[in-house]
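Below: the structure, in structure tokens.
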Amino acid sequence: MSFFSANRFIPSASRFSHITSSYRALRNMFSTETATESDAADAHSYLLNTSHDLLEDHLAAKESELDFALKDEHIDDVTFSAFDHGPLYDRYDESGPSSVQPGDNNDFSEPGGSHMSLKGDGDDARPALDGTVDQQHVPVEHATTPQDAAAPVAMHVDGPNSMSKMISDEFEMSRRTSLKEGTPEINVAIPAGATGLVDESNNPLSGGAQKRSVGGKDTPQSSNMSIKQESPGITTRPSGYPPIGKNLPAFRVKSSIPAHINVLEFARQCILAAQSSRLNPFALHPGEYELLRNHITHSQVTVYLNIRNAILRLWTRNPLVAVTKSEAAGCARDARYFNMAQVAYKWLVRNGYINYGCIELQSTAGPISRAKAKGGKRRTIVIVGAGMAGLGCARHLEGLIAQLGEQWTNGGERPPRVVVLEGRKRIGGRVYSHPLKNQSKSTLPPGLRNTVEMGAQIITGFEHGNPLNCIIRGQLALRYHTLKDDTIIYDTDGAVVDQEGDMLVEGLYNDILERVSRFRNKPPLPQTVEGDRRLIQLGRDPTNDSGDLISSLEDAGASQTVPSLSSNKIKKTVNPNALMGVEKSAGRAYTLAPGSGTNVSAADAASNMGWQLRPDASVMENLNLDSVTHVPEFPTLGATMDEAVRQYQNMVQMTPKHIRLFNWHHANMEYSNAAHVNELSLGGWDQDIGNEFEGPHSHIIGGYQQLPRGLWQSPTKLDVRFNSPVRSVRQENARHIVECDNGDMIEADEVVVTIPLGVLKREAIIFSPPLPEWKTAPIQRLGFGLLNKVALVYDTPFWEPDRDIFGTLNEAELRDSMEQKDYESRRGRFWLFWNCIKTTGRPTLVALMAGNAAHDTEVTDDQELVREVTDRLSKMFAPAVVPLPTEYIVTRWKKDPFAGGSYSFMGPTAQPGDYDAMARPIGSLHFAGEATCGTHPATVHGAYLSGLRAASEVVDSMLGPIEVQHPLVAPKAKQGNPSLGTGAGTKHGRDEMDSVESRNVRQARNEDLEISITAAILEQIGERPHKPERTGNNPYLLYTRDHWHSVKAECDEQRRAATGDASAKASKDHIRTVLGAKWRNAPSQVQQPYLDEASRLKEASATAAAEYKAKAAVWEKEAARIRAEVTAGNSALGGDS
1 MSFFSANRFI
11 PSASRFSHIT
21 SSYRALRNMF
31 STETATESDA
41 ADAHSYLLNT
51 SHDLLEDHLA
61 AKESELDFAL
71 KDEHIDDVTF
81 SAFDHGPLYD
91 RYDESGPSSV
101 QPGDNNDFSE
111 PGGSHMSLKG
121 DGDDARPALD
131 GTVDQQHVPV
141 EHATTPQDAA
151 APVAMHVDGP
161 NSMSKMISDE
171 FEMSRRTSLK
181 EGTPEINVAI
191 PAGATGLVDE
201 SNNPLSGGAQ
211 KRSVGGKDTP
221 QSSNMSIKQE
231 SPGITTRPSG
241 YPPIGKNLPA
251 FRVKSSIPAH
261 INVLEFARQC
271 ILAAQSSRLN
281 PFALHPGEYE
291 LLRNHITHSQ
301 VTVYLNIRNA
311 ILRLWTRNPL
321 VAVTKSEAAG
331 CARDARYFNM
341 AQVAYKWLVR
351 NGYINYGCIE
361 LQSTAGPISR
371 AKAKGGKRRT
381 IVIVGAGMAG
391 LGCARHLEGL
401 IAQLGEQWTN
411 GGERPPRVVV
421 LEGRKRIGGR
431 VYSHPLKNQS
441 KSTLPPGLRN
451 TVEMGAQIIT
461 GFEHGNPLNC
471 IIRGQLALRY
481 HTLKDDTIIY
491 DTDGAVVDQE
501 GDMLVEGLYN
511 DILERVSRFR
521 NKPPLPQTVE
531 GDRRLIQLGR
541 DPTNDSGDLI
551 SSLEDAGASQ
561 TVPSLSSNKI
571 KKTVNPNALM
581 GVEKSAGRAY
591 TLAPGSGTNV
601 SAADAASNMG
611 WQLRPDASVM
621 ENLNLDSVTH
631 VPEFPTLGAT
641 MDEAVRQYQN
651 MVQMTPKHIR
661 LFNWHHANME
671 YSNAAHVNEL
681 SLGGWDQDIG
691 NEFEGPHSHI
701 IGGYQQLPRG
711 LWQSPTKLDV
721 RFNSPVRSVR
731 QENARHIVEC
741 DNGDMIEADE
751 VVVTIPLGVL
761 KREAIIFSPP
771 LPEWKTAPIQ
781 RLGFGLLNKV
791 ALVYDTPFWE
801 PDRDIFGTLN
811 EAELRDSMEQ
821 KDYESRRGRF
831 WLFWNCIKTT
841 GRPTLVALMA
851 GNAAHDTEVT
861 DDQELVREVT
871 DRLSKMFAPA
881 VVPLPTEYIV
891 TRWKKDPFAG
901 GSYSFMGPTA
911 QPGDYDAMAR
921 PIGSLHFAGE
931 ATCGTHPATV
941 HGAYLSGLRA
951 ASEVVDSMLG
961 PIEVQHPLVA
971 PKAKQGNPSL
981 GTGAGTKHGR
991 DEMDSVESRN
1001 VRQARNEDLE
1011 ISITAAILEQ
1021 IGERPHKPER
1031 TGNNPYLLYT
1041 RDHWHSVKAE
1051 CDEQRRAATG
1061 DASAKASKDH
1071 IRTVLGAKWR
1081 NAPSQVQQPY
1091 LDEASRLKEA
1101 SATAAAEYKA
1111 KAAVWEKEAA
1121 RIRAEVTAGN
1131 SALGGDS
């Protein structure tokens, strides 16, 4: 998911079913994008290049003063019909913003209201046009008439992803929201915990809702369970459950291990949970290794990993509710491992693997006695920047301060406060969804504005550890559109490039990438240690955990360098017209194998692909790249690949069309890295390879900015201070003085700098003392690239509305040239178009400008760009008439003073450890941002992960590292040492001891036999088939799904009219009653689609159940046969079963 650039997360509907609508309300609450913070950044003279005023069109101002303020206690839907009326734009003024939304005022400080603000707070801060965009409204012949918002778009959920499968394989759904067909590309993420509360500790002392195993399901008991209705969508602990860290119930072994799930299935879920959290389920993370190396034995590593993976399972199953200490302890199978479970829990919490994002966390801070109270000011943490890194850091710090609050209060001080300073008048940084001028005729669901992405746009897969999965789909439940891999490419004359020729060039391009991969820098793998993979897969702890500590075995080879699981999962197949670009993008995927292509000569490889060799070429001919890889001091990827293309031209028969296609792939590479290919380091350009996430790529419907907005406002509003660009950070004694351009000065104990690399490069912030050379050197060596966009809005689409993406080839400066250099300046010009109808709600195309073209965009007149792209589209879609756009927006990120470009890349002089050096703190001065995340640079999720990392570093700086008790694991009680009262020393006592030992021996033999049987079954026939998930086939529930919000709005209005209270809300029971009456009285033409859908779902469920029954019967029969064979073999060897 580059800064400019899935399967569904389906919960069990039996959990929290009574608050599902509240979570949907939360989803809509965040998607409405009310303009409490400015929705655009400052307007500067470089924004609008035209001399005439195109911002004076006004519509009726009937609802321009609409009050969007909501109470904290009652977060609910906000209708935005006002966007179809009222003045959307004021006259442009360089001293102020160039874009204003209805109900906005001129307060840029955003001190008050929000979607969760108290009544009376100012929830109408004026949005300003982002400093990166130019927006014009092209007059059209017919004026647009404002119309009411369209009916809710039908949502479709198709098939579980690996996480949802892990969640619901064994937990049959009593009711699953199956969404209406008709718009299959629109997906809604329903929170994982929207229908239940996770707490598998069957501890009656907890006083909270406990998950019980009933008929193979997890069902919450109703004892003392009370969800705060005043905060729908923000799940808290049940009312009877004590605050985290206070009066916790006694720990109980296995209380978080469901008894109704067989051990193999539980182990599978735990392994998937670790993989879904970016952790190796079979090896310690380097951080865990350093923490535990002096405290556990090699055998205990397996025990620790089983506990850690089980804790992650609790979180991934329901990221709406925090995992507690008692739940973590319940993942241990022996009371001796309770301390180990607490260490695993603390490490996962502090490092942002669990309990992160937009969830409510109870504070453990207690009262401070006078005897303990320390004098002085409350400590302050200042975060510079409210982009994804800054907001992620602030939100995680708030969560850590809540969960660790007692550590401050026990020491006699109040928990610290967190302040975020933002230079812009909006949040999000390079995540910016610009509202379109015309908000009428929208096809989006009610409550969503028509926006177009100026910066980040693509989510490059939710699976395999993307932290945004839990937030977007599990907590905020944002709607998203899954992109289809049906890309086509148009040639310069408008003809569609044939797929055979496209794949032929792509195959050769992949071959070159494989051959140059041998020059890739190979960073050293971190030191760690593996557990017993077989036992972890079987869900077993070792029977004997004694031995030496792993630190004492390092020289003996117990510790080792264990590669990440993802480092070995490099794709070996090429998906024709795939959407995934090189690691970060959404253009085209490439096979980045570790040099396998070098085993075959270049000519032979090309011939095998289908290329026609030249008559004078030998099949043994190979590439010689020494002139571009060894001679230059800093070789680049572009020069190396261009030389390879030149040599391939001497081996195979190529045409100018082939060269245009090669350069289209170069443009894709330049888009992915935001840099010209000749600026990319040959050895390090793909240094993050192997860390890609999996699953289809997606767009957020209604605007990506809903994500940072959710982080800002949920569960409580962060202290973000807008219009506060930081001028300097100077250290005085043990504190920092942060000075802003507006004159504000804040004393801080810890400072986290999250500004983009481009801003660091131009030294916009003065640090005193100056940053050390080890920090400034990577700042200068790393590149900060540029990508720009041209967004085009039309009244009606003239392209294929259902095709998400298409590309275009560019002609060389010298027509039909065979020289790569002749394509450099133009190959990235409008090379790719995204069809954004599904996500903006209006017929919209977004054209990308990559490489040299991105820099040309900064200085090219808007009208010229629009004319050029219109001519290009006219050729592509002839004979259709392509009109001028009714609205267009051009980004210029290089000129944005708060960005200075788009995202980072490995420049020619960059060194392998530069990203790590960027992340390293300088005492109490910390750094975050995508350019500090070496595993996921240039991505939104990378920026967020860096914020989690920085938050952990801040807490470590303030509280110290996690304390590990020694000994961490108590030694086993010797069975031969009877305690008092057992008859020690008597014949009766010895008989009892012999009996116990005999039982233990038999038990161990039976366990060994069972492990052998299980291993044999897995090896021969695999896992037992999984039960199909139940689908919601009640037509009334399907009807309720589509009409809840509209009926709720009606009921709320009636309630307000009846009571005279402007904030009155209808009860859910009343809404359900009205919905029931509407359904009963609905005409047949309204009911029939839901009846048909329910019938289809029933048929599909019956078919799936029959298939499962047949497969399960075959599996059971084979498993019984294998069990009998293994048992017989064990008996023949003298085993005791």
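For the sequence shown, the numbering used here assigns the number 1 to the initial residue and increments by one for each residue that follows. All C-beta atoms, glycine included, are put in the ideal place defined by N, C-alpha and C. Here the structure is a predicted model, which is why all the values come from computation and not from measurement.
Considering Cα atoms alone, identify which of Val-303, Arg-515, Val-866 and Arg-417 is closest to Glu-747.
Arg-417
Quick one: residues in its chain with C-beta nearer than 6 Å to the C-beta of Glu-1118, no 5 flanking neighbours on either side, listed in chain order?
Excluding positions up to five away in sequence, the list reads Ile-1021.
What's the C-alpha gap between Asn-544 and Ala-1100?
49 Å
Comparing C-alpha positions only, which one of Tyr-1090, Leu-661 and Val-1074 sits nearest to Leu-1038?
Tyr-1090
Expressed to the nearest angstrom, what Euclidean distance is found between the alpha-carbon atoms of Arg-540 and Pro-467?
Here the alpha carbon of Arg-540 sits roughly 28 Å from the alpha carbon of Pro-467.
Give the range of the beta strand (DSSP E) segment to which Thr-451 is assigned.
451-453
Kindly indicate which three-state DSSP category Gly-1076 falls into: helix, strand or coil?
In this structure, Gly-1076 counts as helix in the three-state DSSP scheme.
Whole beta strand (DSSP E) elements within the segment 906-987, 3-residue minimum
Listed in chain order, the complete beta strand (DSSP E) runs (minimum 3 residues) inside the segment 906-987 are 925-927.
Would you list the one or two residues that DSSP bridges to Gln-731?
His-736
Other residues of its chain near Arg-378: CB distance less than 7 Å, five sequence neighbours each side excluded:
Arg-414, Pro-416 and Arg-417
Spatial distance of Ile-1013 from Asp-604 (CA atoms)
48 Å
Where Trp-712 and Trp-1115 are concerned, what is the direct C-alpha to C-alpha distance, given to the nearest angstrom?
50 Å
Among residues of its own chain, excluding the 5 on either side of Ser-957, which ones have a beta-carbon nearer than 7 Å to its beta-carbon?
Excluding residues up to 5 positions away in sequence, Glu-750 and Ser-924 lie with their Cβ nearer than 7 Å to the Cβ of Ser-957 in the same chain.
Give me, in chain order, the residues of the same chain whose beta-carbon lies closer than 7 Å to that of Thr-297; leave out the 5 immediate sequence neighbours on both sides.
Asp-545, Ser-546, Gly-547, Asp-548, Leu-549 and Ile-550
Looking only at C-alpha atoms, which of Ala-1120, Gln-965 and Leu-959 sits nearest to Arg-1024?
The candidate whose alpha carbon is nearest that of Arg-1024 is Ala-1120.
Since Leu-320 contacts Ala-274 with CB under 8 Å, what's their CB separation in whole angstroms?
Rounded to whole angstroms, the Cβ separation of Leu-320 and Ala-274 is 20 Å, and the two are not in contact under 8 Å.
Evaluate Ser-31 with the Cβ neighbour count: other Cβ atoms within 10 Å of its Cβ, from every protein chain shown; 16 or more gives buried, anything less gives exposed.
Interpretation of Ser-31 is limited by its pLDDT of 39, a score under 50 that renders its predicted location unreliable; the figure taken from the coordinates is listed afterwards. So Ser-31 counts as buried.
Report the partner residues of Met-609 according to the DSSP bridge assignment.
Met-609 pairs with nothing; no bridge assigned.
Short Cβ contact (8 Å threshold) for Val-950 with Ala-973:
The identity of residue 950 in the sequence shown is Ala, whereas the question assumes Val. Not closer than 8 Å, so no.
Applying the criterion that 16 or more other CB atoms from any shown protein chain within 10 Å of the CB defines a buried residue, is Leu-525 buried or exposed?
exposed
DSSP beta-bridge partners of Glu-694:
Answer is Glu-463.
Given 8 Å as the limit, is there contact between the segment 815-825 and the segment 644-654, that is, 3 or more CB pairs closer than that?
Put simply, the segment 815-825 touches the segment 644-654. At least three CB pairs are less than 8 Å apart.
Look at the Cβ atom of Tyr-702, then the Cβ atom of Leu-444, and state whether they are nearer than 8 Å.
The sequence shown places Gly at residue 702, not Tyr. Closer than 8 Å, so yes.
Roughly how many angstroms lie between the CA atoms of Gln-705 and Arg-473, to the nearest whole one?
15 Å
When DSSP builds the beta bridges, which residues end up paired with Trp-834?
Paired residues: Ile-805 and Val-846.
According to the Cβ coordinates, are Thr-629 and Leu-680 closer than 8 Å?
no
How far does the alpha helix (DSSP H) with Asn-306 in it extend, from its first residue to its last?
Taken as a continuous stretch (DSSP letters only), the alpha helix (DSSP H) holding Asn-306 covers 298-317.
Do Arg-781 and Thr-932 count as a contact pair if the criterion is CB distance below 8 Å?
no
On the CB-based measure, 16 or more other CB atoms within 10 Å of its CB, does Gly-828 come out buried or exposed?
Only buried fits Gly-828, as 16 or more other CB atoms lie within 10 angstroms of its CB.
Tell me the DSSP secondary structure of Arg-237 in three-state form.
Reliability of the predicted coordinates at Arg-237 is poor, the pLDDT of 36 falling under 50, and the value obtained from them is presented with this limitation in mind. It is coil, neither helix nor strand.
What residues are listed by DSSP as bridge partners for Tyr-490?
Val-496 and Thr-808
Short Cβ contact (8 Å threshold) for Leu-483 with Asp-804:
A Cβ-Cβ contact shorter than 8 Å links Leu-483 with Asp-804.
What residue range is occupied by the uninterrupted alpha helix (DSSP H) comprising Thr-857?
852-859
Between Asp-741, Gly-429 and Ile-489, which lies nearest to Ala-456 when the distance is taken from Cα to Cα?
Comparing Cα positions, the closest option is Gly-429.
Residues in its own chain within less than 6 Å of Asn-521 by CB, not counting five upstream and five downstream?
Listed in chain order, the non-local C-beta contacts of Asn-521 below 6 Å within the same chain comprise Gly-683, Gly-684 and Pro-912, local neighbours out to five positions each way being set aside.
I'd like to know whether the C-beta atoms of Asn-857 and Asn-788 end up nearer to each other than 8 Å.
The amino acid at residue 857 is misidentified as Asn; the sequence shows Thr. Yes, Cβ-Cβ distance for Thr-857 and Asn-788 is below 8 Å.
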